[in-house]
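Structure record follows, encoded as structure tokens.
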Amino acid sequence: MATLNNADQARAHLLGIYAPAPHLFVRGEGSWLVDDMGRRFLDFTSGIAVTALGHGHPAVRRAVEEATESGLIHTSNLFRTRAAEALARELAEHSGLPQVFFCNSGGEAVEAALKFARRWARRGGHHPDRFGVVALKGAFHGRLFGSLAVTDRPRYREPFEPLMPGAIFVDAMDPHALDKVDPSTIAALIAEPIQGEGGVISLPDEVMQRFREWTARHGVALILDEIQCGLGRTGTLLAHEPSGVRPDILTLAKPLAGGLPMGAVLMTEEVAASVKPGDHGTTFGGGPLVAGVARAVLAEIAAPAFLAEVRRKGDLLTGHLEGIQARHPGRILEIRGRGLMRGVRLSAPISPVVAAAQEAGLLLVGAGPEVIRLLPPLTVSDEELAEAMERLEGALEAAATPQEVDA
Ligand SMILES: *Cc1c(COP(=O)(O)O)cnc(C)c1O
């Protein structure tokens with residue numbers, strides 16, 4: 080009781096916009112978080128796909144130390160600094176998208192992408208009606224007025240309407256969905272190669288290819304949002320690589336700067352050419368501290384051997400999950416995703432399982448009411464994967480309702 084009061088008091092001035100969490104973390108060590116009572120938790124949230132190298136990775140620490148030692152944490156975009164220029168070049172080399180804009184979050188990256196897409200689609204003011212955006216059912220692109228407008232969550236949207244006008248939601252799996260859209264009113268089509276918040280749902284390659292074909296034919300920008308699924312999470316540096324599709328605009332953020340806030344918008348030469356000085360900007364974007372850390376993260380993650388390990392551990396995870404599924408018939412309806420971005424769809428609400436897992440020292444996050452999302456650090460060890468899956472299985476058993484046990 081006393082602890083509860085202390086916790087309530089401690090958070091008294093934090094806006095009550097997030098659900099109160101039971102643990103107070105004081106340390107991070109690789110795949111583990113340690114709370115104020117010294118309890119250790121396997122972190123299979125990675126801060127929602129952010130800490131891809133785990134907590135306290137030496138490359139991240141070194142990059143932070145280098146920036147602080149130089150005394151150069153921020154200068155604004157009035158001036159040049161080395162880290163941003165080098166990071167832009169490295170991202171361009173890895174993605175094949177030669178121009179890069181830096182910002183401070185995923186939502187900001189989507190806002191910028193939408194602005195650049197309008198600029199490009201209007202081609203010097205010749206198509207004033209081209210401002211609409213096609214987005215997908217189940218999509219999540221952020222909480223700002225533009226990114227929220229292309230997010231398919233009525234509960235997030237409705238209290239804040241009117242949002243940015245012109246968003247149209249289509250069902251990605253309906254091959255005729257785009258037939259009903261008038262492309263002369265559309266600036267962009269935005270899609271996550273794997274929907275994260277929407278339930279860890281992969282877009283089939285042929286759907287990505289259909290989107291590419293439709294957008295190219297109609298002069299609409301294809302924006303791929305890899306804020307969650309990009310940068311190694313799925314076992315390739317970029318999640319869209321296996322589809323063979325190249326977007327006009329690509330958004331990155333969550334894992335980019337090892338836990339520091341950073342977003343990036345990558346684009347083709349053509350899109351970049353339509354953006355003029357003064358069209359957009361940010362005070363903090365691409366500062367030397369975050370950009371230096373992002374270079375260190377990218378160097379680790381983009382290494383072919385690192386990505387091969389993510390694929391191998393992804394297969395290992397699949398094996399564990401299929402084992403649990405087989406031992407508990409009817410409890411796991413579907414195993415989704417790729418690499419180390421996985422969704423486990425249960426036959427019942429996940430919240431008791433997530434709570435039991437936390438009790439057992441495994442941190443999980445949901446993707447909707449029936450899907451557990453597994454987002455371990457990409458550096459997770461085989462032993463930690465096995466340990467986490469044991470704890471997940473235990474939680475599944477602990478949370479089973481009597482009816483489910485009978486079934
Ligand atoms: C998290 C997320 C965003 C928003 O990022 P923020 O940094 O929270 O603004 C946008 N798109 C996708 C796919 C995301 O997962």
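Residue numbering for the sequence shown follows our numbering, beginning at 80 and increasing consecutively. Backbone N, C-alpha and C define an ideal beta-carbon position, used for all residues, glycine too.
Taking I328 and A467 to be in contact with their CB atoms under 8 Å, please state how far apart those CB atoms are, rounded to whole angstroms.
Walking along the sequence shown from the start, residue 328 turns up at place 249. Walking along the sequence shown from the start, residue 467 turns up at place 388. No, I328 and A467 are not in contact; Cβ-Cβ is about 35 Å, not under 8 Å.
Contacting residues, own chain, Cβ-Cβ under 6 Å from D394 (five flanking each side not counted):
The residue given as residue 394 occupies position 315 in the sequence shown. Cβ-Cβ distances below 6 Å link D394 to nothing in the same chain once the five nearest sequence neighbours on each side are left out.
In angstroms, rounded to a whole number, what distance separates the CA positions of H399 and S174?
Mapped onto the sequence shown, residue 399 falls at position 320. Mapped onto the sequence shown, residue 174 falls at position 95. One Cα belongs to H399, the other to S174, and the distance between them is close to 32 Å.
Which residue comes first and which comes last in the alpha helix (DSSP H) that contains D394?
For the purposes of this step, residue 394 is taken as residue 315 along the sequence shown, with counting starting at 1. Residues 383–406.
Close Cβ partners of R231 (< 8 Å) along its chain, the five nearest in sequence each way excluded:
The sequence position of residue 231 within the sequence shown is 152, counting from 1. Checking the sequence, you will find Asp at residue 231 rather than Arg. If you ignore the 5 residues before and after D231, its C-beta comes within less than 8 Å of the C-beta of A214, L215, K216, G217, A218, F219, F248, G277, all in its own chain and listed in chain order.
With distances taken from CA atoms, which of V376, G422, A405 is nearest A336?
By one-based count along the sequence shown, residue 336 stands at place 257. It is V376.
Contained alpha helix (DSSP H) runs [length at least 4] in the stretch 144–200, N- to C-terminal order:
Annotation note: the stretch 144–200 contains the following uninterrupted alpha helix (DSSP H) runs of length 4 or greater, listed N- to C-terminal: 161–174.
Do you know whose CA, among R119, Y97, E148, lies nearest F104's CA?
By one-based count along the sequence shown, residue 104 stands at place 25. Considering only alpha carbons, the answer is R119.
Nearest to A332 (by Cα), restricted to the options R470, R289, E271
Start at 1 with the first residue of the sequence shown, and residue 332 comes out as number 253. Of R470, R289, E271, the smallest CA-CA separation from A332 is found for E271.
C-alpha distance - A251 paired with R291, whole-angstrom precision
Stepping through the sequence shown from its first residue, residue 251 is reached at position 172. Stepping through the sequence shown from its first residue, residue 291 is reached at position 212. Approximately 13 Å between the Cα atoms of the pair.
Tell me which residues share the same chain as I380 and place their Cβ nearer than 8 Å to its Cβ, disregarding the 5 neighbours each side in the sequence.
Sequence index remark: in the sequence shown, residue 380 carries index 301 (1-based). Hits under 8 Å: A131, L132, L310, G311, L316, P334, L386, L457.
Closest by C-alpha distance to P283, when choosing among I306, D253, A295:
Taking the sequence shown and counting its residues from 1, the one referred to as residue 283 is at position 204. It is D253 whose Cα lies nearest to the Cα of P283.
Please name the residue, chosen from F195, L345, P340, that lies closest to R504 on a Cα-to-Cα basis.
This structure gives no information on residue 504, because the portion of the chain shown stretches from 80 to 486.
Just to confirm, does I306 get its C-beta within under 8 Å of one of the non-hydrogen atoms of ligand 1?
Residue numbering aside, residue 306 sits at position 227 when the sequence shown is read from its first letter. At least one heavy atom of ligand 1 sits closer than 8 Å to the Cβ of I306.
In the DSSP assignment, find the beta strand (DSSP E) that holds A300 and state where it starts and stops.
As a first step, residue 300 is located in the sequence shown; it is residue number 221 there, counting from the start. DSSP places A300 in the uninterrupted beta strand (DSSP E) bounded by 300–304.
Shorter than 8 Å, the distance from the beta carbon of T130 to the closest heavy atom of ligand 1, or not?
As a working mapping, residue 130 is identified with position 51 in the sequence shown. Not one heavy atom of ligand 1 lies closer than 8 Å to the C-beta of T130.
Alpha carbon to alpha carbon, how far is M243 from H255? Give it in angstroms, no decimals.
Residue numbering aside, residue 255 sits at position 176 when the sequence shown is read from its first letter. Residue numbering aside, residue 243 sits at position 164 when the sequence shown is read from its first letter. H255 and M243 have their C-alpha atoms roughly 25 Å apart.
Tell me whether L103 sits in a helix, a strand or coil according to DSSP, three-state version.
To locate residue 103, count along the sequence shown from 1; it is residue 24. L103 falls in the coil class under three-state DSSP.
State the CB to CB distance for the pair L412 and R424, rounded to an integer number of angstroms; the pair is presumed to be in contact (CB under 8 Å).
What you label residue 412 is simply residue 333 of the sequence shown in a count that begins at 1. What you label residue 424 is simply residue 345 of the sequence shown in a count that begins at 1. Confirmed, about 5 Å.
Look at the alpha carbon of P233 and the alpha carbon of P431, and state the distance between them as a whole number of angstroms.
Counting from 1 along the sequence shown, the entry for residue 233 is found at position 154. Counting from 1 along the sequence shown, the entry for residue 431 is found at position 352. Going by C-alpha positions, P233 is about 25 Å away from P431.
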